[in-house]
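Here the structure is laid out as C-alpha cells; the discussion comes afterwards.
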Amino acid sequence: MSLQENLQDIQENILAACNKAGRSREEVRLVAVSKTKPATMIQELYAMGVRDFGENRVMELIQKAELLPKDISWHLIGHLQTNKVKMILPKIERIDSLDSLRLARCVDEEARKQNRVVSALLEINMAKEESKFGFFEEEVFEALAEISKMKSIQVQGLMTVAPFVEDAESNRDIFRRMKKLSVDIMKKNIDNVHMDCLSMGMSIDYEVAIEEGATEVRVGSNLFGKR
Ligand SMILES: *Cc1c(COP(=O)(O)O)cnc(C)c1O
C-alpha cells in the first residue's frame, strides 16, 4: 500500500465513523504520527494536504521541523523531560502530553521567559498503567486547580494513550469515560481551561474513539506502515 492509499483509507474510515456517530467530519482532526519515519514521507503527506504531525522525541521533532515546511503543526505527543522544555517550545504549537504538575510548572516558567502562551492537553492515564505517564482520573481536578493559575499555559483539552489491545471494542469504555471526564471539567467552567479537544484513538482503535467523541485521532502505523 502507498502512503496515498493509506491516507485515503483512513480518511474514509474517519468519515464513516463520523457518519455512524452522527458527527460532522469537521469535528475530527487527523494527526499523522511520523515518529521514526523519514522527513521524505512527511513531505509526501504534506503534498497531499496533511498539516498536523505528531512526534514523541524532542530532537527528532526539531530536526524534522528544520527540514520541512514552516506551516506544519507539530504536536509533541511523548513524555517531555523538563530539561528539553526550553528548546522545544519555539517549535511547537501545543504539547499534547502534559503529564505532571512538575512539567506544567516548568513549561509555564519557560513560556513566560519566551513571552508566549503554550497550549496543552492534559494527558490522562485512564487504565493506570505503570508503563504510562499522565494524571489519574481522580487527580485531574486538583491538577487543573493549579494549572489554571498558570498564565503561560492554556489547557485546550485532554489526551490519552489507551491500553494496547487486539480488539478496539475493549477500549470503548475508556473513551467513553474520557468524554465524560471532559464534559465534567467543562461544566466546572474553570478559568483558563477549555475542553475543545479530546485527543484519543490510534491505529487500532481510532474509529471507536471517534464514535465516543474524539476530536483528534493520532494515527501512525496504519498510515506510515510498521515501525
Ligand atoms: C506512536 C503513538 C501513536 C500512534 O500509534 P499507532 O498505533 O502507530 O497508530 C499515537 N499516540 C502516541 C502518544 C504515540 O506514541
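Position 166, counted from 1, in the sequence shown is what this note's numbering calls 217; the numbers after and before it change by one each time, with no gaps.
For each residue, glycine too, the CB sits at the ideal point set by N, CA and C.
Quick check: what's the CA-CA separation for glutamine 55 versus leucine 119? Cα to Cα, the separation comes out at about 19 Å.
DSSP three-state label for aspartate 224, please. DSSP places aspartate 224 in helix when its eight states are reduced to three.
If I follow the unbroken beta strand (DSSP E) through phenylalanine 104, where does it start and stop? DSSP places phenylalanine 104 in the uninterrupted beta strand (DSSP E) bounded by 103-106.
Using the C-alpha atoms, what's the distance from alanine 83 back to serine 254? Taking the straight line from one Cα to the other gives about 10 Å.
Could you give the DSSP three-state label for methionine 237: helix, strand or coil? Methionine 237 falls in the helix class under three-state DSSP.
What whole-angstrom Cβ distance do leucine 274 and glycine 208 have, given they're in contact under 8 Å? Rounded, the Cβ-Cβ distance is 22 Å, inconsistent with contact.
So which residues touch the region around ligand 1, with touch meaning a C-beta under 7 Å from any heavy atom? Ordered by chain, the residues meeting the criterion of a beta-carbon within less than 7 Å of a non-hydrogen atom of ligand 1 are Val84, Lys86, Gly105, Asn107, Ile128, Gly129, Ser148, Val212, Met253, Ser254, Ile255, Arg269, Val270, Gly271, Ser272, Asn273 and Arg278.
Considering aspartate 147, what are the terminal residues of the beta strand (DSSP E) in which it resides? Taken as a continuous stretch (DSSP letters only), the beta strand (DSSP E) holding aspartate 147 covers 145-149.
For the beta strand (DSSP E) containing alanine 327, name the first residue and the last one. The structure shown has nothing for residue 327, since the chain only spans 52 to 278.
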